[in-house]
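As structure tokens, the structure follows; a few thoughts come after it.
In the numbering used here, the protein residues as written are 91 to 217.
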């Protein structure tokens with residue numbers, strides 16, 4: 091079963107990925123990174139994406155507690171020339187981490203990236 095570094099290395103193999111990270115969304119701290127971060131700063135990317143995740147998690151519109159629907163799975167942000175893909179890592183305990191990918195829009199296939207990231211999150215939980 092792969093560890094954090096192995097999962098991030100596999101994530102870097104997804105077509106179009108520029109950066110991958112595992113981030114604690116409560117603190118915005120990186121637990122692991124790979125590749126070249128936006129603006130060359132993994133810590134800033136982690137803090138910025140954690141702000142987005144915290145805003146979504148706090149918002150009642152996206153709260154699925156007490157319903158039959160699934161918990162939050164992922165967030166997609168599209169920008170000129172890139173995608174930011176955030177995949178929540180769900181564990182048996184109260185996990186507050188997510189996998190983050192920064193993708194080049196000209197090289198990436200968003201559907202493929204989502205599927206591969208979902209599989210990597212499952213592998214990370216199994217390890």
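Backbone N, C-alpha and C fix where the C-beta goes; we use that ideal spot for every residue, glycine too.
Check, Outcome
"Per DSSP, residue 219 is paired with what?", "Residue 219 lies beyond the range of the chain shown here (91 to 217); nothing can be said about it."
"For residue 98, which residues from the same chain have a beta carbon less than 6 Å from its beta carbon, with the 5 sequence-adjacent residues on both sides left out?", "110, 122 and 124"
"What's the call for residue 177, buried or exposed, on a 16-neighbour Cβ count within 10 Å?", "buried"
"How many Å lie between residue 196 and residue 171 at the Cα?", "7 Å"
"Could you compute how far the alpha carbon of residue 165 sits from the alpha carbon of residue 200?", "12 Å"
"Using the Cβ count rule (16 or more neighbours within 10 Å means buried), how would you classify residue 148?", "exposed"
"Any idea what DSSP makes of residue 120, helix, strand or coil?", "strand"
"Taking the alpha-carbon of residue 194 as reference, which of 101, 181 and 107 has the nearest alpha-carbon?", "107"
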